[in-house]
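For reference, each letter of the sequence shown is one residue, going 3 to 205 in this note's numbering. We treat Cβ as the ideally placed atom computed from N, Cα and C, and that holds for glycine. Treat the numbers as computed from the prediction; the structure is a model and nothing was measured.
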Amino acid sequence: MQMKTDFLNSLEIRTEEDVKKLFDVIFYAKKHYDEIIGNNGIDKVKLAFKTLKNRDLPYDERVKVFASLKASEPEDIEDMAREIIHFLEPEKYPLWTRWLWNPKKNSGSITYILKDEVVLKNEKDYFDAVSELREVLSIFGLDSPNYYYSSIFLVYSYVRYVDYATLLAVDRKGGGLYPSHLSTTAMVLGLKSFLRVIRLANS
């Protein structure tokens, strides 16, 4: 995850290939690459990404500018903006996509661990809930100066839920961590390409 943070912080948009590199590390955004380039052009994408990287601007403003890129599925672009900010500043902002919390439906993996009758109402509530999760994880030895562990926990919870909800469990007679769940978690986090680099380096 640190490799993805380093990559995004160092990335500069100058060419279509740079835009492709950006979309390649956000798994649900890859399908929008051609559309985003065609509808907006490099200059608009460059400005939107530059705005995301501007730490002097408020969180919501950064998201709003990037999410204004013309797309057939604007919700994906908004999720993309929030995911990028998380990886740019993992010590400050938790990961937030609709799979983790969808405010319109009050659904997502964060809702699996909330106390009974607790309902998140806004962005602050979500951030506070993930911050509390981070504190709980630290008690069990998963202490970190950033939100990486919280992100992994929430995405893995989402992957497990979807797997069982859609009757796609690898082996319902077994238990524990299934390789497919771990692989899917890495895919959802956009880490597959970075894991390949690590494997090659260690081979």
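Item                                                                                                                                                              : Value
Can you find the residues in the same chain that come closer than 8 Å, C-beta to C-beta, to Tyr114, ignoring five residues on each side of it along the sequence? : Ser159, Tyr163
Decide if Asn56 is buried, meaning its Cβ has at least 16 other Cβ atoms within 10 Å, or exposed.                                                                 : exposed
For a test of the three-state rule: what should DSSP assign to Lys70, helix, strand or coil?                                                                      : Sequence inspection shows Ser at residue 70; the Lys mentioned does not correspond to that position. If DSSP states are grouped into helix, strand and coil, Ser70 belongs with coil.
Quick one: measure Cβ to Cβ for Tyr128 and Asp78, integer angstroms, because I've assumed they're closer than 8 Å.                                                : In fact, because the Cβ distance is near 19 Å, the residues do not count as touching under 8 Å.
Apart from the five residues on each side of it in sequence, which residues of its chain come closer than 6 Å, Cβ to Cβ, to Met189?                               : Phe29
Would you call the segment 146 to 153 in contact with the segment 118 to 137, where contact means no fewer than 3 C-beta pairs closer than 8 Å?                   : yes
So what does DSSP say about Asn11, is it helix, strand or coil?                                                                                                   : helix
I'd like to confirm the pairing. Which residues does DSSP put opposite Asn104 in its beta bridges?                                                                : Ser109
What does a CB cutoff of less than 6 Å around Leu193 pick up in its chain, not counting 5 residues either side in sequence?                                       : none
Please report how far the alpha carbon of Leu90 lies from the alpha carbon of Phe142, in whole angstroms.                                                         : 26 Å
Can you name the start and end residues of the alpha helix (DSSP H) that Met3 belongs to?                                                                         : Neither: Met3 is in no alpha helix (DSSP H) and is coded neither H nor E.
Would you call the segment 110 to 124 and the segment 67 to 86 in contact, with 3 or more CB pairs under 8 Å?                                                     : no
From Lys6 to Glu63, what distance separates their C-alpha atoms?                                                                                                  : 23 Å
Does the structure place the segment 47 to 54 close enough to the segment 92 to 102 that three or more beta carbon pairs sit under 8 Å?                           : no
Could you check what DSSP says for Gly192 in three-state terms: helix, strand or coil?                                                                            : coil
So, at 7 Å on beta carbons, what are the nonlocal neighbours of Ala131 in its own chain, with the 5 sequence-adjacent residues on each side left out?             : Ile112, Leu116, Leu122
Any chance you could list the alpha helix (DSSP H) runs of at least 4 consecutive residues sitting entirely within the segment 10 to 63, in chain order?          : 18 to 26, 35 to 54
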